[in-house]
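What follows is one structure encoded as structure tokens, with my remarks underneath.
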Amino acid sequence: MRMPDPLSCLPDQTRPALFLAGGVMLVLLAVRISVLFFDPGSLYADETQYWLWSRELDWGYYSKPPMIAWLIALSTAVFGDSDWAVRLLAPVLNTLTAGFLGLTAARLYGPRAGVAAAVMWLVMPAVWLSSAIMSTDAALMTGISASLYTLVRLREGGGWIWAAALGLALAFAFLAKYAAIYVFAGAGLAVLVDAPLRRALVSARGGLALIVFALPAGGNLAWNAVNDFATLGHTVDNANWGADLFNPGEALSFAADQFAVFGPLMMVMLIIAAIAALRSWTPDWNAASTALLLTAFTLPPLLVVTGQAFISRAHANWAAAAYAAGLILTVAFLLRGPVWRRWVLAGSAILHASAGALFVTLATAPQLADALGAESAFHRVREWPATADAVAAAAREHGAPTLVFDNRNDFHQMQRYGGHIPAELFMWRRFAGPHNYADTLWPLAPGFEGEVLVVSQRPHEAPLIEEDFARFEPAGEIVIALGPTRERRYQLFLAQGYDPVPRDAAFEARARALAEQTAGP
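Written as structure tokens, this is what we have:
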């Protein structure tokens, strides 16, 4: 008996495909916006930092290009400063990405591929999380997916409008995150294996796309030039090549994480599809290969970031740029050939949607998350208003007109949720120069003579902080319960006479000794 095709219901006509994909996109968008309204948690510290950026628009910021701040400024200007308003464009961006990927897949492989690509993007494991928080990845992927679509239109013979649209899409991606450079790497490989794309890009239209890209991208590069290349420097620092090199365990961990990002079965199929595409290569300079074109945009992020993980470290999302083209490549592979491939695609969709439903349920039901032992996944967004209330009470109790923090995350959260704290907020600088946005704008000035209340989240660094003050006395602690087994704890110190000791080799040696002592054997 022949195995039935579970995806035979997918329409192969354009209009029904558009209605089906559009309906799924709108339903999931409505669900995700509703989740933002009912989420009882607060913003993550990085989201709070982006919100702070959005209050003073610029062409760049300490650790990221400006797009995320611009987007938050747009949503909060219309809907106010509520947490849901800060996050509102996250699900919208992911829906736009699904639309661009669906349109691209439809032009390359037909309407059925378009529907499948749009739906599979929306239920991808990483996209469920990305739709619940405001991150640079959501904007990056919208820019990359738009770039792929406009590239395909240009490849098909599109004119100057599509060339300009490509430049704008690339600029949007670049101003969201510098990982957009993987699109350029992919294009560089793709023109070697796909003659139609080569003819489209190595032309006056390709030149126009570069010019249109360079105009807004140049604004950010100019900002970097007059700000000591802050964002570019942070990006280099993040690579952490100054630490112990060659870490095969990190590379294996990163590779394993990709199965959670893209989905376990889909990741296996992506690898198989990429290998099949590479095996189809021929030395014919005039050949056109859609699969090789998509593989060219997929492999650079995966290979480069895996190498980075082996050398030092890498976060799971650093290779996100691979999954725009990678998704289309995988969906097209699964829609062709033996029927078991369609079962893999359908099963993955059901698995990812089920995981997403569980995530949404746990995110909006803290008691259930605690009962299931999932509090560790959400503790960082819990009880920030209560924490701010406790810090405000401590400031009033000790009569301290100035608070000093040793953790940028806590500092930024107090800026967001602690507007009622009766004190000025400053950062203690662990290093000689700024190492984050808070360090840059709000450091406690050397020579400050007034009394301060130090709110320390890092017990092992308290002796280092003490070295910088003439007087340093314990003043209690703050403990905020975050769940059955999690808590947020601060040590409090009353201090005066801030005169930072030199951040020299001896200081760093003391810091390492304290860290090792805290870590234990």
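Using UniProt numbering, you'd call the opening residue of the sequence shown number 1 and step up by one each time. Don't be surprised by glycine CBs; every beta carbon is placed ideally from N, CA and C. Values in this document were obtained by computation on a predicted structure and should not be read as measured data.
Taking 7 Å as the cut-off, is the C-beta of residue i nearer than that to any heavy atom in the ligand NAP?
i      : result
Ala163 : Of ligands this structure carries none, so the ligand NAP is not represented either.
Here's a check: name, in chain order, each residue in its chain whose Cβ is nearer than 7 Å to the Cβ of residue i, leaving out the five neighbours to either side.
i      : result
Arg503 : Phe431, Ala432
Leu327 : Leu101, Ala117, Met120, Trp121
Ala169 : Gly143, Ala146, Ser147, Thr150
Thr330 : Met266, Met269, Leu270, Ala273
Ala45  : Asn409, His412, Gln413
Leu57  : Ala69, Trp70, Ala73
Trp84  : Leu36, Phe37
Met124 : Phe262, Gly263, His352
Pro474 : Phe493
Pro248 : Phe310
Ala495 : Val452, Val454, Phe469, Arg471, Phe472
His379 : Leu482, Gly483, Arg486
With a threshold of 6 Å on Cβ separation, who are the neighbours of residue i within its own chain once the five nearest residues in sequence on each side are excluded?
i           : result
Ala165      : Thr150
residue 522 : Missing from the structure shown is residue 522; the chain here goes from 1 to 521 and no further.
residue 545 : Limits of the chain in this structure are 1 at one end and 521 at the other, which puts residue 545 out of reach.
Leu108      : Thr290
Gly114      : Ala17, Gly102, Ala105, Ala106
Ser198      : Here the sequence assigns Arg to residue 198, which means Ser is not the residue at that position. If we look at Arg198 and ignore the five residues flanking it on each side, its Cβ neighbours are Val191.
Arg87       : Leu36, Met134
Arg341      : Leu334
Pro301      : Tyr182, Ala319, Ala321, Ala322
For residue i, tell me which candidate among the options has the shortest Cα-Cα distance.
i           : options                        : result
Ser54       : Pro484, Ala77, Ser348          : Ala77
residue 523 : Leu175, Glu473, Gly167         : The requested residue 523 does not occur in the structure, where the chain is confined to residues 1 to 521.
Ala462      : Pro40, Phe411, Thr518          : Thr518
Pro216      : Phe174, Ala445, Tyr182         : Phe174
Ala139      : Thr95, Gly158, Thr104          : Thr95
Gln457      : Thr387, Tyr437, Phe507, Pro422 : Thr387
Tyr62       : Asp228, Gly110, Pro91          : Asp228
Gly188      : Gly418, Leu444, Ala296         : Ala296
Pro196      : Leu7, Ala288, Phe493, Arg279   : Ala288
residue 538 : Gln491, His460, Ala481, Ala495 : This structure does not reach residue 538, given that the chain is present from 1 up to 521, and the question cannot be answered.
Ala132      : Ala291, Ala225, Val381         : Val381
Ile161      : Leu221, Gly207, Gln258, Phe448 : Gly207
Met278      : Leu294, Gly263, Pro264         : Met is not the amino acid found at residue 278; the sequence shown has Leu there. Of Leu294, Gly263, Pro264, the residue nearest in Cα terms is Leu294.
Ala176      : Gly80, Arg486, Gly60           : Gly60
Arg112      : Gln308, Pro66, Arg336          : Arg336
Pro434      : Asp406, Pro338, Glu516, Val455 : Asp406
Arg313      : Ser253, Arg489, Pro443, Ser348 : Ser253
Ile275      : Glu156, Tyr437, Asp257, Leu299 : Leu299
Glu449      : Phe469, Pro338, Pro443         : Phe469
Arg2        : Asp257, Pro443, Val339         : Val339
Leu43       : Leu362, Gly447, Ala438, Gln415 : Gln415
Ala179      : Pro283, Ala320, Ser130         : Ala320
Val479      : Ala393, Leu29, Leu425, Leu28   : Ala393
Trp442      : Tyr417, Glu424, Pro283, Tyr182 : Glu424
Arg488      : Ala495, Leu464, Val455         : Val455
Asp439      : Ala251, Leu345, Ala230         : Ala230
Thr136      : Arg32, Pro91, Arg429, Ile33    : Pro91
His420      : Asn436, Ala390, Leu444         : Ala390
Ala316      : Phe259, Thr48, Ala363, Ala346  : Phe259
Phe172      : Met67, Gly186, His234          : Met67
Ala506      : Gln491, Ala481, Gly483, Leu464 : Leu464
Ala163      : Met141, Phe213, Gly186         : Phe213
According to DSSP, what are the bridge partners of residue i?
i      : result
Gln496 : Arg471
Met427 : Phe405, Pro443
Glu487 : Ala481
Identify, in the order they occur along the chain, each residue of the same chain with its Cβ nearer than 8 Å to the Cβ of residue i, setting aside the five sequence neighbours on each side.
i      : result
Trp285 : Ala195
Pro4   : Val339
Pro385 : Ser42, Tyr417
Glu250 : Ala309, Phe310, Ser312, Arg313, Ala314
Can you list, in chain order, the stretches of the alpha helix (DSSP H) that have 4 or more residues and sit fully within the region 439–480?
-> For the region 439–480, whole alpha helix (DSSP H) runs of length 4 or above, ordered along the chain, are 462–467.
Review point. In chain order, which alpha helix (DSSP H) runs of at least 4 residues are fully inside the UniProt domain "Glycosyltransferase RgtA/B/C/D-like" (63–215)?
Key: 67–79, 83–87, 89–109, 111–123, 125–130, 136–155, 160–176, 181–193, 195–201
Only counting runs of 4 or more residues, tell me where the alpha helix (DSSP H) segments fall wholly within the region 234–289, in order along the chain. 248–262, 264–279
Would you mind listing the alpha helix (DSSP H) stretches within the region 3–48 that are 4+ residues and don't spill past its ends, in chain order?
Note on the region 3–48: whole alpha helix (DSSP H) runs with a minimum of 4 residues are 14–38, in chain order.
* For the region 357–369 and the region 396–407, state whether three or more C-beta atom pairs, one from each stretch, are separated by less than 8 Å. => no
Pairing CB atoms from the region 198–205 with CB atoms from the region 82–95, are three or more of them under 8 Å?
-> no
- Query: Which full runs of the alpha helix (DSSP H) of 4+ residues lie inside the region 333–378, going along the chain?
  - Reply: 340–364, 366–371
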